[in-house]
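Under the working numbering, think of the first position of the sequence shown as 469, with each following residue one higher.
Note that CB positions come from ideal geometry on N, CA and C, so glycine has one too.
Remember, it's a predicted structure, so these values are computed and weren't measured experimentally.
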Amino acid sequence: MGIWKQDVFIYLFFLIISMTVIAVAVHYPDGDREFPLLIASCLAVSSAFLLVKSFLKEGAPLSFSLKNYRKIVLQVVLIIGFFFLLPRVGFFISAALLSLLTILNGGYPHKIIAVLFSVIFPGVIFFIFHILLEVPLPPSFAGLGIGL
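So, in structure tokens, the structure goes:
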């Protein structure tokens with residue numbers, strides 16, 4: 469029975485993130501807490517399941533190179549940047565940038581498909597949450613109504 473260190477690290481990281489979100493969200497008002505609690509609970513259950521599964525994996529652990537650590541650190545910086553950018557330029561632009569940079573950080577070779585996905589996916593998310601479910605999302609360009 470081999471423990472895959474990178475799996476354990478990643479799943480523990482997401483478990484800690486989800487528990488932090490849950491701890492913060494329980495103090496939100498009634499209407500505002502449901503969505504963060506739902507997402508964080510799903511993330512916590514998934515992370516816990518995958519953490520247990522990683523302990524049950526058989527085989528030799530994979531090596532974890534410095535390049536992979538850099539990608540993880542860059543991804544964390546991208547997510548932090550997303551949260552700082554979100555109130556300034558709005559959901560669509562910040563989500564499209566995060567999607568594109570995440571795909572490129574992962575090493576996806578087809579740049580045109582990455583750009584298309586990065587525009588279409590946030591557009592679909594915007595449509596589902598803002599239009600269908602009427603969840604308020606940060607407006608683009610600090611409330612000027614430019615873009616989505």
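Pairing VAL544 with HIS598, the inter-Cα distance amounts to about 26 Å. For PHE560, the enclosing alpha helix (DSSP H) stretches over residues 559 to 573.
Contact between the stretch 584 to 601 and the stretch 558 to 570 is present, with at least three C-beta pairs closer than 8 Å. For the pair of segments examined, the stretch 507 to 521 was found to touch the stretch 474 to 485: the number of CB pairs separated by less than 8 Å reaches three.
For ALA508 against ARG501, the beta-carbon gap comes to about 10 Å, at or over 8 Å, which does not count as contact.
Cα atoms of VAL489 and GLY499: separation of roughly 16 Å, rounded to the nearest angstrom. Annotation for LEU584: the continuous alpha helix (DSSP H) segment containing it runs 579 to 594.
Straight through space, the alpha carbons of ILE580 and HIS495 are spaced by roughly 43 Å.
If you check the CB distance, LEU605 and PHE551 do not come in under 7 Å. Excluding the 5 residues flanking it on each side, ALA582 has same chain C-beta neighbours closer than 7 Å at LEU568, ILE571, LEU572, TYR576, in chain order.
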